[in-house]
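First comes the structure, then the notes that go with it.
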Amino acid sequence: VISISVASACTNMSADAEPVLHTATIAGLSTRAAAGAEAYVCTYGYDSDPGATVTPVNLDSDKADTGVTTGALPDALAASPDGRLVLVADEGEDQLTVLDSSDGDVKATIPTGVEPDAVAVSPDGGIALVADGGDGTVTPVNLHTMHAYPPVRVGNQPDAVDIGGPDGHTAIVANLG
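For the sequence shown, the numbering used here begins at 24 and goes up steadily by one.
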């Protein structure tokens, strides 16, 4: 069993405010991820000074590793059940960024609805749901193909989502508005 802790609430920007993609190898990340000794924290920032990174934290040493740049205003995180993927809802980019937990590299960026505020992964790890607070939708994402399906209208300002139920096929969405 692999356990990765994630904390939602998500800075590495170039001078022209474009994200700089992570390319450096983080020593020991793969081993810590497999052992459940890694947490991830979003550096959200503000609209006037947006953050753009997710920082892996070594739980064995209580030290932060090099931040992984995802996109502007990373707002929420979720991990796949097997711990191999870390999903980041990038509110400022209207996208879901998928990270490989073994090395921190960006595997995919997938367009979502407007201002994604939350993300959840199905118990089988095949589907992610992204709550798009800016347009009242939830965007389903196939994590095998890294492809988004058409958004589903759910109400005003969805800002939390979870997947579960007896068959793992039930989603609950909380609408702030």
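C-beta atoms are modelled at their ideal positions from N, C-alpha and C, and glycine is treated no differently. Bear in mind the structure is a predicted one, so any value in this text is a computation, not a measurement.
If you reduce the DSSP assignment to three classes, tell me which class residue i lands in.
i      : result
Ala107 : In the sequence as presented, Ala is not what sits at residue 107; that position holds Arg. Residue state, collapsed to three classes: coil.
Ala102 : strand
Ala95  : coil
Asn35  : Low confidence applies here, because Asn35 scores a pLDDT of 35, under 50, leaving its location unreliable; read the following figure in that light. Note: Asn35 maps to coil in three-state DSSP.
Thr135 : coil
Thr54  : helix
Ala60  : coil
Once the 5 residues before and after residue i are set aside, which same chain residues still bring their CB inside 6 Å of it?
i      : result
Gly188 : none
Ser103 : Val144 and Gly148
When the Cα atoms are used, what is the spatial distance from residue i to residue j?
i      : j      : result
Asn165 : Ser84  : 35 Å
Lys130 : Gly115 : 19 Å
Ala194 : Ile186 : 4 Å
Val184 : Asp140 : 9 Å
Gly136 : Gly156 : 8 Å
Tyr172 : Ile133 : 10 Å
Ser125 : Asp88  : 13 Å
Pro174 : Pro146 : 20 Å
Starting from the C-beta of residue i, find all residues in its chain whose C-beta is less than 7 Å away, skip the five residues before and the five after it, and write them out in chain order.
i      : result
Asn179 : Gly159, Asn198 and Gly200
Please confirm whether residue i and residue j have their CB atoms less than 8 Å apart.
i      : j      : result
Val161 : Ala151 : no
Ala154 : Asp128 : no
Is the beta carbon of residue i within less than 7 Å of some heavy atom of the ligand SAH?
i      : result
Ala112 : Because no ligand of any kind appears in the structure shown, any question about the ligand SAH cannot be addressed here.
Excluding the 5 residues preceding and the 5 following residue i in the sequence, name in chain order all residues of the same chain whose CB lies nearer than 8 Å to its CB.
i     : result
Gly94 : Pro42, Ala75, Val111, Asp113, Gly115, Glu116, Gln118, Thr120 and Thr132
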